[in-house]
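Under the numbering used here, the sequence shown is numbered contiguously, ending at residue 175.
We put the beta carbon where it would ideally sit given N, CA and C, even for glycine.
Everything numeric in this text was worked out from a predicted model, so none of it was measured.
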Amino acid sequence: MAAIRAYLDYNASAPLLSAAREAMVAAFDAANPSSVHAEGRAARRLIDNARRDVAALVNGKAEHVVFTSGATEAASTLLRPDWQMGRGAIRMSRLYVCEADHPCLLNGGRFPADLVTRIGVGADGIVNLDALMAALAGHDKADGLPLVAIHAANNETGVIQPT
Numbered sequence: 013m014a015a016i017r018a019y020l021d022y023n024a025s026a027p028l029l030s031a032a033r034e035a036m037v038a039a040f041d042a043a044n045p046s047s048v049h050a051e052g053r054a055a056r057r058l059i060d061n062a063r064r065d066v067a068a069l070v071n072g073k074a075e076h077v078v079f080t081s082g083a084t085e086a087a088s089t090l091l092r093p094d095w096q097m098g099r100g101a102i103r104m105s106r107l108y109v110c111e112a113d114h115p116c117l118l119n120g121g122r123f124p125a126d127l128v129t130r131i132g133v134g135a136d137g138i139v140n141l142d143a144l145m146a147a148l149a150g151h152d153k154a155d156g157l158p159l160v161a162i163h164a165a166n167n168e169t170g171v172i173q174p175t
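Here it is as structure tokens:
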């Protein structure tokens with residue numbers, strides 16, 4: 013009798029749903045979405061539709077959805093002390109991250125290392141909310157606002173943080 017094999021290495025990947033595979037294959041033939049010709053406009057529609065779909069999943073606005081190549085690029089793009097929001101500048105003076113998170117979060121993006129505070133987790137992998145709240149309560153907003161970046165779902169441990 014042949015042994016049944018269980019594949020458990022979905023650390024950075026997982027099987028694709030057939031609908032996702034079909035959408036990807038269709039997108040491979042797309043043109044440059046920045047071009048004004050018909051093929052470019054069709055490609056732009058694909059991206060805009062995807063942006064709207066993602067925004068709807070998180071009850072957000074499509075214009076606030078930014079696609080990146082992965083976690084490291086996203087962290088480099090978003091984890092920075094200075095923000096321009098509309099006509100005003102916003103200063104983030106400290107970054108708070110969960111010590112069990114992806115290295116790109118632990119590295120702090122564009123924050124200097126001395127401005128990144130790591131918040132511990134319990135044995136269950138859930139961020140220590142008391143420690144986070146204490147850190148935020150002690151944060152001096154005169155220097156700028158705090159920025160908290162914590163994985164909602166950890167891809168290595170499977171832990172889902174409470175909402």
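Straight across, the Cα-Cα distance linking Ala-147 with Val-133 is about 14 Å. DSSP places Gly-52 outside any beta strand (DSSP E); the residue lies instead in the alpha helix (DSSP H), whose first and last residues are 50-69. Bridge pairing for Ile-102: Trp-95 [DSSP]. Taking the CA atoms as reference points, Leu-69 sits about 11 Å from Ala-62.
For Leu-144, the three-state secondary structure derived from DSSP is helix. The beta carbon of Ala-38 is closer than 6 Å to none in its chain, skipping five residues each way along the sequence.
By alpha-carbon distance to Gly-120, the top candidate from Gly-98, Val-139, Asp-94 and Ser-88 is Ser-88.
For Thr-169 and His-49, the gap between their C-alpha atoms comes out near 46 Å.
Excluding five sequence positions before and after Gly-52, the CB atoms of its chain that fall closer than 7 Å to its own CB belong to Ala-43, Asn-44, Pro-45 and Ser-46, given in chain order. In this chain, the alpha helix (DSSP H) harbouring Arg-33 covers 30-39.
Taking a 10 Å sphere around the C-beta of Asp-113, we find 16 or more other C-beta atoms and assign the residue as buried.
Under the DSSP definition of a beta bridge, Thr-129 partners with Tyr-108.
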